[in-house]
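Undergrad:
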DNA sequence: CTGTTAGCGCATTCAA
DNA sequence: TTGAATGCGCTAACAG
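Next comes the structure, spelled out in structure tokens:
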């Protein structure tokens, strides 16, 4: 463990090179404490000369601050999380913070492990889109906080967990979207994708609680769908709700099934992009024409949605803004010294983008 | 700076709690050196009891290993980089490494800053999709290496820089795609998007060198386009190459322009998704029908491309694999002790997905 | 097997 | 203003 030839120069090296004491060098290099102008210049020159770069790790051990944030999401390859990550990254970089990003593949055990990694690496704050459905499953989050690490939830608030969260109102967004369909004259509206239902519910009552009481985005969107039916006095039909695996294939299969119903839906509300593409495949196979025999609304606008024929009506989520806001809230907590009043739920606005995929039901 | 009440327990605390010396506790907790079974259990129990978690930062200062990788990309919100990041993240997590991700917005100055941050935080390796066009502009990368940090390039190899790189063969992929169009009978093929050309080239010679000698993806794709024309003995027409800003709007404008030509293109090769959506907008406005009056091939397959009407032929990039491979190469270098033979260029396969957007030119 | 003693690189107090 | 001395939490030779 002797210093190797390619060893990076330390403060001691700079001090020697400049002919001053370690602490003096440390002070000017660290930007704290006093130092005469002359000495300062000498030290800076020496540092430059030997290519000195402060060891941020050693500094962190000493100060207790790492200038690093932790981000835990299900999947970085998902454009939604990519946007959130970018928003966080941009906002934190302005404050000289960097971000350690961990993917959990929607697995709670991996999320717990990720949290421990971040605690071990002494990040100054954590932003997490948790897979925990209830406070009881969020012990790792409580643990991080009790370790003194501020935490902010993003995208998904965990019910019962008193922590700041930055989300969108999935329920309201879904309700509005479905209301749009109803306003266009639709009475039978299919719900594609949603909280994983192992088997087909027998009646509406079976759905109560699925999305209630938690902010799990799927559940919220289902509740919004139900809200809209209630608002408009429409009957709920279990046959119009997708069940089973959340895959594009199953979405396609479920929509195909709905199209075979005695009274098929005249419109579909898709809660994710894969639900939308699966639906489109089923519609194409069945010869159903979007915007004519079938109206469509999807979630998460994409540049592709606008160039579809016809263009698809979509709900746009402010991904960058979600990340930026989460970072802002986190920094506020950090600045406040690990405590800043009662936890708040910050709700960002979604935007409904009306395009030609919604039309009056085709009665032929 | 006295230890606060919520101070996290250290090895000393565990040692005290277990009634053993610090080093003994350290050895069992750190998983190195000897310790009797009895003592080991006592220490582990004590650690568990007081909620001890090792300070990874302190450990890193001591060992010189941070178990952290650095990733530098232009934009995490770009699904391509999101996929690469996910691939790296998954591969490195298996080895107990985490990833610090920095976005540079395609700005070289930001990239230099990002590199310095990673050097300062003592990452064990860096993977970068550099914005540097030549070795001369990659001093920061050389600096990282001379600091003893292994570096692997991903997506873009920097010409003249002797460093391992993991890329796809953009030139060959583009050539193949254009060859497909030629095989279908097309003679006038538009090139949408590409290396930023300030003004319209007057003749083909003006394009020589634009993509040659560097692996800048745009340039490579343009060269592949030219290769295909040569292979097939087709004439090059400057009017069929897009110029100006790389935005969806400009792509739309440029395609609109091409459609007004005396001899408009019968097919378009789009090098990015925004180029494709811009093209589609222009085609729709002009009443041109994809797969009939206009054939199309794009880059970066998406689930959307398959559900377009007609489905679009696309070149698929193995984003996850690019990341995984880059991590693999990086770890090999790390394991080899910062040196492992001559730098290699690892080229991953792209896949051409033939769909209905390519058809024989419509002669009407 | 165990504890003592040094470091790692930087921050910070305090006397000079 | 400066430098010596100590500490942060951990690793790691080294004796016992």
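Chains as they are written, first to last, in the UniProt record's numbering: chain X, 1 to 364; chain U, 1 to 364. Virtual Cβ for every residue (Gly too), placed ideally from N, Cα, C.
Residues in the same chain with beta-carbon distance under 8 Å from residue 235 of chain U, minus the five sequence neighbours each way, listed in chain order, please.
TA: Taking the second chain and counting its residues from 1, the one referred to as residue 235 of chain U is at position 235. Only 229 meet the Cβ criterion.
Undergrad: Under the rule that 16 or more other beta-carbon atoms within 10 Å means buried, what is residue 183 of chain U, buried or exposed?
TA: For the purposes of this step, residue 183 of chain U is identified with residue 183 of the second chain, where counting begins at 1. Label assigned to residue 183 of chain U: exposed.
Undergrad: Where DSSP assigns a beta bridge to residue 313 of chain X, which residues make up the other side?
TA: Numbered from 1 along the first chain, position 313 holds the residue referred to as residue 313 of chain X. According to DSSP, residue 313 of chain X bridges with X:297.
Undergrad: Which runs of the beta strand (DSSP E), 3 residues or longer, sit entirely within the region 136-161 of chain X?
TA: 151-154, all fully within the region 136-161 of chain X.
Undergrad: Taking only runs of the alpha helix (DSSP H) that begin and end inside the region 1-56 of chain U, which ones reach a length of at least 4 residues, in chain order?
TA: Listed in chain order, the complete alpha helix (DSSP H) runs (minimum 4 residues) inside the region 1-56 of chain U are 11-18, 22-30, 37-50.
Undergrad: State yes or no: is the C-beta of residue 86 of chain U within less than 8 Å of the C-beta of residue 75 of chain X?
TA: As a position in the second chain, residue 86 of chain U is number 86, starting the count at 1. As a position in the first chain, residue 75 of chain X is number 75, starting the count at 1. A contact, by the Cβ cut-off of 8 Å.
Undergrad: Once DSSP output is grouped into helix, strand and coil, what is the label at residue 368 of chain U?
TA: Any answer about residue 368 of chain U is impossible in this case: the structure gives chain U only from 1 up to 364.
Undergrad: Out of X:53, X:160, X:307, state which residue places its alpha-carbon closest to the alpha-carbon of residue 30 of chain X.
TA: As a working mapping, residue 30 of chain X is identified with position 30 in the first chain. For residue 30 of chain X, the nearest C-alpha among the options comes from X:53.
Undergrad: Check each residue of the region 42-71 of chain X: if its Cβ is closer than 7 Å to any Cβ of chain U, include it; give the result in chain order.
TA: Residues 53, 54, 55, 56, 57, 58, 60, 61, 66.
Undergrad: For the beta strand (DSSP E) that contains residue 73 of chain U, what are its first and last residues?
TA: Mapped onto the second chain, residue 73 of chain U falls at position 73. Run containing residue 73 of chain U: 68-73, per the beta strand (DSSP E) assignment.
Undergrad: At the level of alpha carbons, what is the spacing between residue 96 of chain X and residue 57 of chain X?
TA: One-based indexing of the first chain puts residue 96 of chain X at position 96. One-based indexing of the first chain puts residue 57 of chain X at position 57. If I take the Cα positions, the gap works out to 15 Å.
Undergrad: Counting C-beta neighbours from all protein chains within 10 Å, is the total for residue 177 of chain X 16 or more, i.e. buried, or is it exposed?
TA: Locating residue 177 of chain X in the first chain gives position 177, counting from the first residue. It is buried - the Cβ of residue 177 of chain X has at least 16 other Cβ atoms within 10 Å.
Undergrad: Could you check whether the Cβ of residue 246 of chain U sits closer than 8 Å to any Cβ belonging to chain X?
TA: Your numbering for residue 246 of chain U matches position 246 in the second chain. So, not an interface residue.
Undergrad: Any contact of the region 77-85 of chain U with the region 35-47 of chain U, i.e. 3+ C-beta pairs under 8 Å?
TA: Counting Cβ pairs under 8 Å, fewer than three are found: no touch.
Undergrad: Kindly list the residues whose CB is nearer than 8 Å to the CB of residue 35 of chain U, restricted to its own chain and excluding five residues on each side of it in sequence; keep chain order.
TA: Within the second chain, the letter at position 35 stands for residue 35 of chain U. Correct list, in chain order: 24, 27, 28, 43.
Undergrad: Kindly list the residues whose CB is nearer than 7 Å to the CB of residue 17 of chain X, restricted to its own chain and excluding five residues on each side of it in sequence; keep chain order.
TA: What you label residue 17 of chain X is simply residue 17 of the first chain in a count that begins at 1. For residue 17 of chain X, where only same-chain residues beyond five positions count, the Cβ hits under 7 Å are 46, 49, 50.
Undergrad: Label residue 291 of chain U either buried or exposed according to how many other C-beta atoms from any shown protein chain fall within 10 Å of its C-beta, with 16 as the threshold for buried.
TA: Translated into the one-based positions of the second chain, residue 291 of chain U becomes position 291. That one is buried.
Undergrad: Looking only at its own chain, which residues have a Cβ that is under 7 Å from the Cβ of residue 379 of chain X, when we skip the five neighbours before and after it?
TA: Not covered by the structure: residue 379 of chain X. The range shown for chain X is 1 to 364.
Undergrad: Checking 8 Å against the spacing of the C-beta atoms, do residue 117 of chain X and residue 90 of chain U come in under that value?
TA: On the first chain, residue 117 of chain X is found 117 positions in, with the first residue counted as 1. On the second chain, residue 90 of chain U is found 90 positions in, with the first residue counted as 1. No; because the gap between Cβ atoms is not below 8 Å, this pair is not in contact.
Undergrad: Within the chosen definition, does the region 272-286 of chain X reach the region 275-288 of chain U through at least 3 CB pairs nearer than 8 Å?
TA: Counting Cβ pairs under 8 Å, fewer than three are found: no touch.
Undergrad: If you measure beta-carbon to beta-carbon, which residues of the region 119-141 of chain U are closer than 9 Å to chain X?
TA: Within the region 119-141 of chain U, the residues whose Cβ lies closer than 9 Å to some Cβ of chain X are 119, 120, 121, 122, listed in chain order.
Undergrad: Quick one: does residue 277 of chain U have its CB under 8 Å from some CB of chain X?
TA: Position 277 of the second chain, counting from 1, holds the residue named residue 277 of chain U. Yes, contact with chain X.
Undergrad: State the CB to CB distance for the pair residue 131 of chain U and residue 108 of chain U, rounded to an integer number of angstroms; the pair is presumed to be in contact (CB under 8 Å).
TA: Here residue 131 of chain U refers to the residue found at position 131 when the second chain is read from its first residue. Here residue 108 of chain U refers to the residue found at position 108 when the second chain is read from its first residue. Confirmed, about 5 Å.
Undergrad: Put residue 287 of chain U into one of helix, strand or coil per three-state DSSP.
TA: The count along the second chain starts at 1 and reaches residue 287 of chain U at position 287. Reduced to three states, the DSSP call for residue 287 of chain U is coil.
Undergrad: Just to confirm, is the Cβ distance from residue 173 of chain X to residue 350 of chain X under 8 Å?
TA: Taking the first residue of the first chain as position 1, residue 173 of chain X is located at position 173. Taking the first residue of the first chain as position 1, residue 350 of chain X is located at position 350. Yes. Within cutoff.
Undergrad: Check whether chain X comes within 8 Å of residue 92 of chain U, counting only Cβ atoms and requiring the distance to be less than that.
TA: Taking the first residue of the second chain as 1, we reach residue 92 of chain U at position 92. So no, residue 92 of chain U is outside the interface.
Undergrad: Rounded to the nearest angstrom, what separates residue 32 of chain X and residue 65 of chain X at their Cα positions?
TA: Numbered from its first residue, the first chain carries residue 32 of chain X at position 32. Numbered from its first residue, the first chain carries residue 65 of chain X at position 65. Whole-angstrom Cα-Cα distance: 16 Å.
Undergrad: Compile a chain-ordered list of the residues in the region 296-309 of chain X whose CB is closer than 9 Å to at least one CB of chain U.
TA: Cβ contacts with chain U come from 302, 303, 304, 305, 306, 307, 308, 309.
Undergrad: Is residue 175 of chain X closer than 8 Å to residue 55 of chain U when the C-beta atoms are compared?
TA: Taking the second chain and counting its residues from 1, the one referred to as residue 55 of chain U is at position 55. Taking the first chain and counting its residues from 1, the one referred to as residue 175 of chain X is at position 175. The answer is no: Cβ separation not under 8 Å.
Undergrad: Can you check whether the CB of residue 140 of chain X is closer than 8 Å to the CB of residue 106 of chain X?
TA: Within the first chain, residue 106 of chain X is the residue found at index 106, counting from 1. Within the first chain, residue 140 of chain X is the residue found at index 140, counting from 1. In this structure, residue 140 of chain X does not lie closer than 8 Å to residue 106 of chain X by Cβ.
Undergrad: With the cut-off set at 8 Å, would you say residue 92 of chain U and residue 73 of chain U are in Cβ contact?
TA: The sequence position of residue 92 of chain U within the second chain is 92, counting from 1. The sequence position of residue 73 of chain U within the second chain is 73, counting from 1. Their beta carbons are not under 8 Å apart, which means residue 92 of chain U does not touch residue 73 of chain U by this criterion.
Undergrad: With a threshold of 8 Å between beta carbons, is residue 337 of chain U in contact with chain X?
TA: Indexing the second chain from 1 puts residue 337 of chain U at position 337. Residue 337 of chain U does not count as touching chain X.
Undergrad: List, in chain order, every chain U residue whose beta-carbon is nearer than 9 Å to that of residue 8 of chain X.
TA: The sequence position of residue 8 of chain X within the first chain is 8, counting from 1. Going along chain U in sequence order, the residues near residue 8 of chain X (Cβ under 9 Å) are 119, 122, 147, 148.
Undergrad: Mind checking if residue 350 of chain X is an interface residue toward chain U, Cβ cutoff 8 Å exclusive?
TA: Indexing the first chain from 1 puts residue 350 of chain X at position 350. No, no contact with chain U.
Undergrad: On the criterion of 16 or more Cβ atoms from any shown chain inside 10 Å, does residue 360 of chain U qualify as buried, or is it exposed?
TA: To locate residue 360 of chain U, count along the second chain from 1; it is residue 360. Answer is exposed; the Cβ neighbour count stays below 16.
Undergrad: Rounded to the nearest angstrom, how far is the Cβ of residue 162 of chain X from that of residue 129 of chain X, given a contact under 8 Å?
TA: Position 162 of the first chain holds residue 162 of chain X. Position 129 of the first chain holds residue 129 of chain X. Not really, about 18 Å apart at Cβ, beyond 8 Å.
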